[in-house]
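In our numbering, the protein residues as written are 1 to 421.
Don't be surprised by glycine CBs; every beta carbon is placed ideally from N, CA and C.
The model shown is predicted, which means the values in this text are computed figures rather than measured ones.
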Amino acid sequence: MSEDTAAKKELAAIKGTRDILPGEVEKWQALEALARTTFELYGFRELRAPVFEATELFEKGSGATSDIVTKEMYTFTDKGGRSLTLRPEYTPSVVRAIVEHRLDLEGAPMRYYYMGPMFRYDKPQKGRYRQFHQVDIEVFGEKDAAVDAEIIEMAHALLGKLGVAGTETLVNSVGCRACRPAYSAALRQAAAARRADLCPDCQRKAETNPLRIFDCKVEACRTIAAAFPSIQDFLCQECRDHFRRLLACLDALGIPCRIDPRLVRGLDYYTKTTFEIVSSHLGAQNALLGGGRYDDMMKDFGGPDICGTGFAMGIERVLSMAEIAVPKRKTVYLAHLGEEARMAGLELARWLRSNGVECLVEYKDRGMKAHFGRANKLQADWVLIVGENEMKSGRFALKDMATGRQVDGPREELLALLRTN
Ligand code: AMP
Numbered sequence: 001m002s003e004d005t006a007a008k009k010e011l012a013a014i015k016g017t018r019d020i021l022p023g024e025v026e027k028w029q030a031l032e033a034l035a036r037t038t039f040e041l042y043g044f045r046e047l048r049a050p051v052f053e054a055t056e057l058f059e060k061g062s063g064a065t066s067d068i069v070t071k072e073m074y075t076f077t078d079k080g081g082r083s084l085t086l087r088p089e090y091t092p093s094v095v096r097a098i099v100e101h102r103l104d105l106e107g108a109p110m111r112y113y114y115m116g117p118m119f120r121y122d123k124p125q126k127g128r129y130r131q132f133h134q135v136d137i138e139v140f141g142e143k144d145a146a147v148d149a150e151i152i153e154m155a156h157a158l159l160g161k162l163g164v165a166g167t168e169t170l171v172n173s174v175g176c177r178a179c180r181p182a183y184s185a186a187l188r189q190a191a192a193a194r195r196a197d198l199c200p201d202c203q204r205k206a207e208t209n210p211l212r213i214f215d216c217k218v219e220a221c222r223t224i225a226a227a228f229p230s231i232q233d234f235l236c237q238e239c240r241d242h243f244r245r246l247l248a249c250l251d252a253l254g255i256p257c258r259i260d261p262r263l264v265r266g267l268d269y270y271t272k273t274t275f276e277i278v279s280s281h282l283g284a285q286n287a288l289l290g291g292g293r294y295d296d297m298m299k300d301f302g303g304p305d306i307c308g309t310g311f312a313m314g315i316e317r318v319l320s321m322a323e324i325a326v327p328k329r330k331t332v333y334l335a336h337l338g339e340e341a342r343m344a345g346l347e348l349a350r351w352l353r354s355n356g357v358e359c360l361v362e363y364k365d366r367g368m369k370a371h372f373g374r375a376n377k378l379q380a381d382w383v384l385i386v387g388e389n390e391m392k393s394g395r396f397a398l399k400d401m402a403t404g405r406q407v408d409g410p411r412e413e414l415l416a417l418l419r420t421n
């Protein structure tokens, strides 16, 4: 390995993380802008929480038996001896913020959205990163199953605007504290009967939280779990009614869905509704977004008894399927000839920018031919020439690089031309 390659390797981005460079970042910006405008139409407002939190927030929120907490957290001790964790998901942070600031007392709709990085120490592969990005939305204090349907519809509206096609919506109910214990017991029994065929991890889960067996990625365990009892047969009346209403609302909204009784999702806090929007184009990591209802989390945090529902969408995965046309920017390359012209050029660039025109100023002294060569390389759309004559006359030459057409005129006229092209 050459010294250069070794140095590059040493300084490379950490495994499972990646740079989002100009050229690609425009798609991220377009997605973020569309998400913002879409969510605000449904009454959501942005809530930004810190990237790291006390470790126990996630232990308590995401659930002590979830894969995220048991295997995937980026946890470290800071210089003050506190155990902190880079957030693996967003929901516990919003719940904490609501309790901390008593947002429930403000009277505004408790509908929040957020976009940003999440961190999970999972095995990196296609569609799975260690630092990945989510768009997250949460609704609090709205119990009706219609709200679960409304946010699923909102997810579809956003995916539609992003040109994501060929998705499937999966829904399920994971019951509540009243009906889930009987289901867990039935699962435990079913798992005990197949214990020897399950992976060691699932053998452990069978004892701690048998629902988590459905998260297992081992093919043999998945086949076995497919024959386990279905939660749908264990739902209490309230959960069954909620689920029926969800299906009716989705139907009214024209959203086809498939009931998947194994959809328990990887986190411990869900109650009643769970859902995912998946795509067969994504390969093994097929979920574009997932979410559900979590009616007990706020209360369990010692806050008020306020229910919640929401989803998190993976930006990387959605972008891999999105059809976003990014409009090409129009740039003016400002070519000056001589020191005095450079000063005048600086002022002209300031004026153009203040009028919304993107301007690149070349500070290096160049002849006219070299300026054009450079402008070409930078893929500028226009070259604006500032020389002694132009300064004296107050008329500047503007060349359209695509057509070769050149016009001259006072700066106001050129601005009008730039704005209409
Ligand atoms: P979750 O928080 O696990 O319900 O995930 C919600 C969404 O985030 C998933 O549907 C994915 O689109 C995305 N996601 C989750 N984990 C990762 C990861 N490690 N890398 C990339 N995207 C992820």
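By the neighbour-count criterion, in which a residue is buried when 16 or more other Cβ atoms sit within 10 angstroms of its Cβ, Thr223 is exposed. Under the 8 Å Cβ criterion, the segment 327-343 does not count as touching the segment 290-304, having fewer than three qualifying pairs. For the segment 46-106, the full-length alpha helix (DSSP H) segments reaching 4 residues or more read 55-61, 67-71 and 91-101 along the chain. By the Cβ neighbour-count rule, Ala64 is exposed, with fewer than 16 other Cβ atoms within 10 Å of its own. The beta carbon of Lys217 is closer than 7 Å to none in its chain, skipping five residues each way along the sequence. By a beta-carbon distance limit of 8 Å, Leu263 contacts Leu170. Their separation comes to about 5 Å. Looking only at Asp251, Gln131 and Val386, the smallest Cα-Cα distance to Thr17 is reached by Gln131. For Met115, the beta-bridge partners assigned by DSSP are Val135. Thr309 sits close to Asp148, with the two beta carbons spaced by under 8 Å.
Closest in alpha carbon position to Asn209, among Thr167, Tyr269, Ala157 and Ile259, is Tyr269. Your pair Phe275 and Ile137 does not check out as a contact, with CB atoms roughly 13 Å apart and the cut at 8 Å. Between the ligand AMP and the CB of Leu159, the shortest heavy atom gap is not smaller than 7 Å.
It is roughly 26 Å from the alpha-carbon of Ser320 to the alpha-carbon of Leu250. Closer than 7 Å to some heavy atom of the ligand AMP: that describes the Cβ of Arg120. Residue environment: Ile14 is assigned as exposed (fewer than 16 neighbouring CB atoms within 10 Å of its CB, all protein chains considered). Three or more Cβ pairs closer than 8 Å define a contact, and the segment 329-345 meets that threshold against the segment 362-369. By the Cβ criterion, the segment 244-259 is in contact with the segment 149-159, since at least three pairs of Cβ atoms, one from each stretch, lie closer than 8 Å.
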